[in-house]
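Protein sequence lines correspond, in order, to chains R and A. Counting in our numbering, the first sequence runs without a single skipped number right up to 239 at its last residue. Counting in our numbering, the second sequence runs without a single skipped number right up to 1483 at its last residue. Glycine residues also receive a C-beta, built at the ideal position from the N, C-alpha and C atoms. This report concerns only the one structure given below.
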Amino acid sequence: MSTHKKVYVYKGFERFWHWNQALLIFVLAFTGFEIHSSYDFFGFETAVKIHNYAAWGFIILIVFAIFWHFTTGEWKQYIPTTKNLKAQAEFYLFGIFRNAPHPAKKTLISKLNPLQRLVYLGLKVLFIPVMVVSGLLFMFYRYPQGDSIAIINIDNLEIIALIHTAGAFMLLAFVLVHLYLITTGHTITSNLKAMITGWEELEEEDQKDQDKTAGKPENELVKNPKILPEDESEE
Amino acid sequence: MKSYTKPITFFLAIVAPLLIVTLVLREPEPDHKLLNGLRAKYAVKRKPGVDHSKFEILQKDFTNPHEITAACLSCHTERGEELMHSAHFTWEREAYIPGRGITYLGKKNLINNFCTGVQSNEGSCMKCHAGYGWSDKTFDFSNPYNIDCIVCHDNTGTYEKASGAAGYPKTGPGGPDFKAIVTSVGQPKSANCGTCHFGGGGGNNVKHGDLELGLLTGGRDVDVHMGVDGLNMNCVDCHTAENHKMKGRYYAVSSSNTQRLNCEDCHTAFPHQKSILNEHSIKVACQTCHIPVYAKVNATKMYWDWATATRKKDGKEYELLDKEGNVVYTSIKGDFVWEKMVKPEYFWFNGTADHHLLTDKVDTTQNILRINTLFGEYRDRNSKIIPVKVHRGRQPYDAENLTIIQAKLWDKDKGKGALWLDLDWERSIEEGMAYIPLPYSGKHSFIKTEMFMPVNHMVSPASEAVTCRECHTRDNGRLAALTDFYMPGRDRNRTLDLAGQLLLILSFAGVLVHSVIRALSSRKQKTIQSH
């Protein structure tokens, strides 16, 4: 069996971004479905107010996250790969029940398994942009428009609203499955701990074995991976 | 535990404040500069520039009301010409109506579903005409001395036109004190306007629902502008006039989008502190939220069934009252339904309207005849949602010619075919139609009618305004009948919602099944290992 080392996987901003995004998605979903008249909790006016503030919070967070992903090169984590894709799916369907090892090794420069890569990329380039754009149209597009954005000629809120609602259901389904899948790490809580503290026990291995499709690792990352030997851990 | 203290500090230092700032961000303190400016403006009551008691020409005992008008016009030389072109005198307006061209319509020749119309009934109806002597078609609209100045400009509150006198007041003993009236004339008071605009249709608040005597004595809760405990504004503070052309329109008789009086004229198009409310004003008229109910003080007539008129009890005409003293049946008029604190109905409206004319054919394939039609729809950029009183009823129409009928209701004497005196439908219809003159086949029936009367008064204080959920709600919201647009909170796509719910259920079920198998298999593996 390979040895485990505690590795600083999730940086400060990354965790900040992750948890705020989680919180905002929760707030947006909760107030959003109240606006949708699925239930009454805050009252319509307050729900709309919170939803709109949270939406702006989310947009600001996204701007920072995009900046962070590009300046750190972390965006490469999301480059999709077919390598191990089938193996990963088989792991979730069968292997996991037989205590089989995770097919894709989690390393600093390849934190995401092939399925995660696909799903998170989908979130980033499809679902979240669709929600943001339809949400902004919801906020700002009025029919009939004056001369301001007359070029977008949507004569009814319906299409915008339906897209926004559909996206909300998809995101909720994602959150549901995501909440479950974080229990599928080395131990039930290891993924959660990692996203809270930043530190995770990873299998120690040779740098050469790393997944090449993840692109070239940032030099700094390789030179200074901030790896602590296990015995220094205070846990 | 060092690895945990850092994230906790991190949460407290950054995430928590962000949370608080995001969720508890308060609205800016309300800025009432505009409103306070308006309050200051209307707190100063207008003082007249002249004292009419000092004019020699008014220092006499008038016996003929035409002489009063002549005295007025001797100084106000051009006002007669102005008034002769105003709707208060002509009872018609020149308007372009799509499909009809240029029309001359008004109370003079339109029908309604209250007392149905003035033609052949002038002697009685003209109690509310700003003139003297319009008893039949021979009335001279070009004679300025036929104008009644004092019905509007009396400030003593004692002037009254006589009933059934075609607009003349009583003269001589028992009549108004003309000298007192003419020496104190001034800008019209609300009571002057109210004489006709509150009492139209035969009694207080019968017609409008939002215009009634209660406005003269009610507080801000009845009308935020006219409330005696508020600014106590007069009708003419808003309904200003230039050359005797009043601002404001009523679409039971008006047709075109001109000369209107809008809340925005004083309050601006975006008066709210909350931008989300301001945005509503693109599609929602101010009145829609700010007049949650009308007929706040006294009941208004909501239904008038002419078909039940002319019934007798023991050979005599009779009347029935409800608990509050409202007449709910009378032999001369039929059945009524009265309502108080009425929620308006809502319609799109762009400021133009059409009317069903006496010469128009009745479409019997439609269940209900629209006496007037308010134009507007969601897609029309000039349309806004407005509150409307819909007055419903049944009234006579010609079953063969398929035209609506104008019956003769009133006369001074019995035996001349007036329905209210003789209780004979056939005769009254023959007389009424012959007067206009329009053909009558001799066969009448009754048809359901609807009349659409925009509600503009009885504005409530802002705290009473319609709240979000009253419209943004799944079922039975105030705007439930306006289905030509998508409204958040009301509308949804059932298929999409069902699919979404199914997706969530399946995801949850998948997670559940997966976790159960995981738990079972890990126990099994542990058992194997322990063996």
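Check	Outcome
Ser-1026 of chain A, enclosing alpha helix (DSSP H) - first and last residue	1017 to 1027
Segment limits, beta strand (DSSP E) that includes Phe-20 of chain R	Not the beta strand (DSSP E): Phe-20 of chain R falls in the alpha helix (DSSP H), residues 16 to 39.
N- and C-terminal bounds of the beta strand (DSSP E) containing Ala-1305 of chain A	1305 to 1307
Buried or exposed (CB count within 10 angstroms, at least 16 for buried), Ser-1094 of chain A	exposed
Stretch pair the stretch 1134 to 1143 of chain A + the stretch 1102 to 1114 of chain A: three plus CB contacts closer than 8 Å	yes
C-alpha gap between Ile-1323 of chain A and Phe-1404 of chain A, whole angstroms	8 Å
Chain R within 8 Å of Val-1468 of chain A, Cβ atoms only	no
Of the residues A:Tyr-994, A:Ser-1393, A:Leu-1326, the one placed nearest Val-1188 of chain A, counting alpha carbons only	A:Tyr-994
Cutoff 7 Å; reference Ser-1038 of chain A; Cβ partners in own chain excluding five residues on either side	His-1196, Lys-1197
Neighbour list for Thr-76 of chain R in chain A, Cβ cutoff strictly below 7 Å	Chain A residues near Thr-76 of chain R: none, gap ~18 Å exceeds 7 Å.
Whole-angstrom distance between Asn-1065 of chain A and Ala-1451 of chain A, CA atom to CA atom	49 Å
The stretch 187 to 195 of chain R contacting the stretch 53 to 64 of chain R, beta-carbon criterion three pairs below 8 Å	no
Helix, strand or coil at Ala-995 of chain A [DSSP, three-state]	helix
Minimum Cβ-Cβ distance from Asn-1302 of chain A to chain R less than 8 Å	no
Stretch pair the stretch 26 to 45 of chain R + the stretch 7 to 18 of chain R: three plus CB contacts closer than 8 Å	no
Alpha-carbon to alpha-carbon, Pro-1096 of chain A and Lys-1235 of chain A	44 Å
Secondary structure, beta strand (DSSP E): runs of 3+ residues fully inside the stretch 1323 to 1376 of chain A	1324 to 1326, 1336 to 1350
Exposure of Met-1178 of chain A, with buried meaning 16 or more beta-carbon neighbours within 10 Å	buried
Within 8 Å, strictly: CB atoms of Thr-1336 of chain A and Val-1407 of chain A	Per the sequence shown, the amino acid found at residue 1336 of chain A is Lys instead of Thr. No, these two residues do not count as a Cβ contact at 8 Å.
DSSP state of Pro-118 of chain R mapped onto helix, strand, coil	helix
Closest Cα partner of Asp-1003 of chain A within the set A:Trp-1256, A:Ser-1397, A:Gln-1139	A:Gln-1139
Environment of Gly-1170 of chain A [buried if 16+ CB atoms lie within 10 Å]	buried
Pro-1017 of chain A classed as buried or exposed, judged by whether at least 16 other C-beta atoms fall within 10 angstroms	buried
Rounded distance between the beta-carbons of Val-1249 of chain A and Val-1174 of chain A, thought under 8 Å	6 Å
8 Å Cβ cutoff met for Arg-1470 of chain A and Ile-66 of chain R	no
Where Gln-1477 of chain A falls: helix, strand or coil (DSSP)	helix
Within chain R, the residues that Ile-1234 of chain A reaches when beta carbons sit closer than 7 Å	Arg-146
Nearest-angstrom beta carbon gap, Ala-1259 of chain A and Arg-1346 of chain A [assumed within contact, 8 Å]	5 Å
Cross-strand partners of Ser-1397 of chain A (DSSP beta bridge)	A:Tyr-1349
Per-residue burial, Pro-1440 of chain A [other beta carbons within 10 Å of its own, 16 or more giving buried]	buried
Chain R contact for Ala-1417 of chain A (CB, 8 Å cutoff)	no
Interface residues of chain A facing Glu-49 of chain R [CB-CB closer than 7 Å]	Cys-1420
Which listed residue (R:Arg-102, R:Lys-80, R:Tyr-145, R:Phe-131) has its alpha carbon closest to that of Asn-117 of chain R	R:Lys-80
Neighbouring residues, chain B, relative to Phe-1460 of chain A (Cβ below 7 Å)	The displayed structure is made up of protein chains R and A, and chain B is not among them.
Contact between the stretch 1413 to 1433 of chain A and the stretch 1358 to 1372 of chain A (3+ Cβ pairs under 8 Å)	no
DSSP state of Tyr-12 of chain R mapped onto helix, strand, coil	strand
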